[in-house]
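Using the numbering used here, the first residue of the sequence shown is number 671, and each one after it goes up by one.
Note that beta-carbon positions come from the ideal geometry of N, C-alpha and C, so glycine has one too.
The structure presented is a predicted model; accordingly, all values stated were derived computationally and were not measured.
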Amino acid sequence: MIWLAWGLGGFSLLITLGFLLLSIWHFRKLRRAGADRAGKVSLILALRGDQPGLAALFAALAAQEFSARRLIIAVETEADPAMAQARALAGMLPFPLLCVIAGEAEATAQKCANLAAAMALIDQHDDTVVVMDGDIRPQSYWLGCLVGPVLDGRYDIVTGYRWLQPGGAGWMVQAIAWLDHAVALLPRLKGIGAIWGGSTAYSAAALRQLDLPRLYARQLVDDLSAGLKARALGLRILTRRALLVPLPSASRGFAFYRRQFQYGWHYQPSAPTIALGVTTLHALGILVLLVASISGHGLAQLCLAMILLLRLACLRCHMAVAEKIASPMTGAEIWRQVVMALLPVVSVPMLLAIILSSVAARRMRWRDIAYDIAGPEELSVAWRRRYDDKIG
């Protein structure tokens, strides 16, 4: 039994060291690059409900070093407040804004329906199409970095990943940011087909092959379904290390991360299964070391101290990455992340609780719409908030 306990403690030490080494590797390989070739790029944005950060997004789009052809925004109904907000802010953009109404989705996620409606406007003039989320705050090099490998013909799809900015939010959001920073710096294995809907560029040829409007007729989520089909078609997918896109995370708590795992259980169950196994062993290892340390066991105290030092080194690497992607951490963020680094007894069990709570969850909520889920292509709307039909 004692060997099992020490094995778990050693596993926690090794997994922490592994995350540090992978973070350092990502940092050293991170290179910002723009687009070497010109091309016409349409941006697509699916929105629903009030968008308090839309002005900041439009300002970031206006500051891009690579200029887009147009922005296509898709909403559920004309009464959606996102429509009025977008039209009121259109003057901030140096390119045209087009708006499209998708209608209420019943057998697919509303975001998928919105994206499908927007893609109906793609024409022969578009060399590349970029799908993005409304809460990102892209750096000035973002669009060029995203579309460059597509425009020069090296890749069919280019994607990135989010970089959460927890600000001065509470401990739950801080813990989520700590966990997600570690995930953001993990290598993306070729052949998995993972893409992130927050920032993905598709070549015109890839879009024709994927036929996303048809695919999105019955889907729980947009990016995982598109990525799996792209992998099945053998399309070339690149995840760019430099495309860690800042995303304010004040509302990114327990429910947000559980939803990510819900998607995974339905589309790629092997990934959350591995995460569950690793996190369970890691949590048990931390618990064993903590109990032994409190009991005065010197070797356990040394091992736990090494884990804490490694976690602080991980944080230092996170800070360096944030600087390199033009999203430096504030003083408040740093000190709160220091607390998270020194409290694995909080962040690791919380991740385990998130994964476990997602295993059998059959209801999911996105933007004031609740879905009952039987499978990735089997869902129904259980409840939705409807906006007032009166305009003006």
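Check: Sub-8 Å separation of Ala703 and Cys782 beta-carbons; Outcome: no
Check: Residue range of the alpha helix (DSSP H) that includes Val1015; Outcome: Pro1014 to Val1029
Check: Among Ala854, Arg832, Gln932 and Ala962, nearest to Gly867 - alpha-carbon criterion; Outcome: Arg832
Check: Boundaries of the beta strand (DSSP E) in which Trp1053 is found, first to last residue; Outcome: Glu1048 to Arg1054
Check: Cβ shell of Gly1062 (< 7 Å), same chain only, five flanking positions each side left out; Outcome: Confidence at Gly1062 is low in this model, with a pLDDT of 36, below 50, so the placement of that residue should be treated as unreliable; the coordinate-derived value is given next. Hits under 7 Å: none found.
Check: Proximity below 8 Å, CB of Val843 to CB of Gly923; Outcome: yes
Check: 8 Å contact criterion, which Leu849 and Leu1021 should meet: CB distance rounded; Outcome: 6 Å
Check: Thr949 classed as buried or exposed, judged by whether at least 16 other C-beta atoms fall within 10 angstroms; Outcome: buried
Check: For Tyr937, three-class secondary structure by DSSP; Outcome: helix
Check: Phe728 to Leu763 span [Cα, whole Å]; Outcome: 6 Å
Check: Spatial distance of Met789 from Pro883 (CA atoms); Outcome: 7 Å
Check: Cα-Cα separation, Leu741 to Arg1056; Outcome: 25 Å
Check: Boundaries of the beta strand (DSSP E) in which Val745 is found, first to last residue; Outcome: Arg740 to Val745
Check: Proximal residues to Leu982 (C-beta, below 8 Å), its chain only, five neighbours per side dropped; Outcome: Val1008, Ala1011 and Leu1012
Check: Test item: CB-CB of Ser873 and Asp826 under 8 Å; Outcome: yes
Check: Beta-carbon spacing of Val817, Ala875 below 8 Å; Outcome: no
Check: Inter-residue Cα distance where the pair is Ile694 and Ala777; Outcome: 44 Å
Check: Bounding residues of the beta strand (DSSP E) (the contiguous stretch that carries Ala1044); Outcome: Ile1039 to Gly1045
Check: Contacting residues, own chain, Cβ-Cβ under 6 Å from Pro916 (five flanking each side not counted); Outcome: Arg807, Trp833, Gln835 and Ser997
Check: Contact check, Ala953 vs Val1018, beta carbons under 8 Å; Outcome: yes
Check: For Ala716, the first and last residue of its enclosing beta strand (DSSP E); Outcome: Val711 to Ala716
Check: Nearest candidate by alpha-carbon position, reference Asp822, set Thr798, Tyr811, Ala845 and Asp803; Outcome: Thr798
Check: Of the listed residues Leu898, Ala941, Glu1047 and Ala775, nearest to Arg718 (C-alpha basis); Outcome: Ala775
Check: Alpha-carbon spacing of Arg701 relative to Ala990, whole angstroms; Outcome: 13 Å
Check: Selection from Leu715, His936, Arg901 and Met976 that minimises the alpha carbon distance to Thr686; Outcome: Met976
Check: Residue from Arg1033, Arg878 and Ala752 with nearest C-alpha to Ser1050; Outcome: Arg1033
Check: Among Cys984, Ser940, His936 and Leu959, the one whose alpha carbon lies nearest that of Ala852; Outcome: Cys984
Check: Secondary structure of Pro918, DSSP reduced to three states; Outcome: strand
Check: Per-residue burial, Trp935 [other beta carbons within 10 Å of its own, 16 or more giving buried]; Outcome: buried
Check: Close beta carbons around Ala1031, own chain, < 6 Å, minus the five adjacent residues each side; Outcome: Gln932
Check: Cutoff 7 Å; reference Gln734; Cβ partners in own chain excluding five residues on either side; Outcome: Ser810, Trp812 and Leu813
Check: Arg698, DSSP secondary structure in three states; Outcome: helix
Check: Nearest-angstrom beta carbon gap, Ile865 and Leu785 [assumed within contact, 8 Å]; Outcome: Actually they do not touch by this definition, with Cβ atoms about 13 Å apart.
Check: Sub-8 Å separation of Tyr927 and Ile846 beta-carbons; Outcome: yes
Check: Beta-carbon contacts of Gly679 that lie in its chain and below 6 Å, excluding the five residues immediately before and after; Outcome: Gly955, Val958, Leu959 and Cys973
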